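Just so we're aligned: 442 in the numbering used here is position 97 of the sequence shown, and the numbers increase by one with no gaps anywhere.
To keep things clear, I will list the structure first and then write my remarks on it.
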Amino acid sequence: MRDAAAGRDRVGTRHRWHVPRERGALAEARRRVRQVLAGWQCPREQTDAVLLLVSELVTNAHRHAGGPAELEVRALPGGVRVVVGDGNASAVPAQREPGIGGGYGMHLVERLGSRWGVEVLSGGKRIWVEVPG
Numbered sequence: 346m347r348d349a350a351a352g353r354d355r356v357g358t359r360h361r362w363h364v365p366r367e368r369g370a371l372a373e374a375r376r377r378v379r380q381v382l383a384g385w386q387c388p389r390e391q392t393d394a395v396l397l398l399v400s401e402l403v404t405n406a407h408r409h410a411g412g413p414a415e416l417e418v419r420a421l422p423g424g425v426r427v428v429v430g431d432g433n434a435s436a437v438p439a440q441r442e443p444g445i446g447g448g449y450g451m452h453l454v455e456r457l458g459s460r461w462g463v464e465v466l467s468g469g470k471r472i473w474v475e476v477p478g
């Protein structure tokens, strides 16, 4: 995983990682995000919500797009934005009934985030969610 941090001031600071679809990559992504959030002195509840969303969104990108994911966390005034991108523009997330096979991701995004959206790009898509602090 590659890390590229911009600036030292918390607001506007962002960290980005390439998360390959391989064993241990998601755990490493969560570890790095946890470390960033600790440096930003985020409250525990916010940290827990961000880490859960990172897990869900990266897992969905790997599962449904079939390739690596790009992960970004950005400090906002009063919150954190999580962005996960993948190379599949046709697999836009949709809320479905949760059950044994999954379906919890978008419910969690709506429950834990104050705002969220999807940006469809020529080479894929980016899903973002803002978690208040």
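Backbone N, C-alpha and C fix where the C-beta goes; we use that ideal spot for every residue, glycine too.
Note that the structure is a prediction, hence the values are computed from the model and not measured.
Report yes if the C-beta distance between residue i and residue j is below 8 Å; otherwise report no.
i: G430; j: A414; result: yes
i: V454; j: V428; result: no
i: G468; j: G432; result: yes
i: G424; j: P388; result: no
i: V418; j: R460; result: no
Looking at the structure shown, is residue i part of a helix, part of a strand, or coil, going by DSSP?
i: R347; result: Reliability of the predicted coordinates at R347 is poor, the pLDDT of 35 falling under 50, and the value obtained from them is presented with this limitation in mind. It is coil, neither helix nor strand.
i: R441; result: coil
i: R456; result: helix
i: G430; result: strand
i: R368; result: coil
i: R353; result: With a pLDDT of 41 at R353, under the threshold of 50, the modelled position of this residue cannot be trusted; read the value that follows with caution. If DSSP states are grouped into helix, strand and coil, R353 belongs with coil.
i: G468; result: coil
i: G462; result: strand
So residue i and residue j are supposed to be a Cβ contact under 8 Å. How far apart are they, rounded?
i: A436; j: A410; result: 6 Å
i: V378; j: L396; result: 6 Å
i: A434; j: V399; result: That pair is no contact at about 21 Å.
>> Threshold first: 3 residues or longer. Then list the beta strand (DSSP E) segments lying entirely within the stretch 395–423, N to C.
In response: Within the stretch 395–423, the complete beta strand (DSSP E) runs of at least 3 residues are 414–421.
> Is it true that the stretch 364–384 meets the stretch 393–407, where meeting means three or more beta-carbon pairs spaced less than 8 Å apart?
Replying inline: Yes: at least three Cβ pairs fall under 8 Å.
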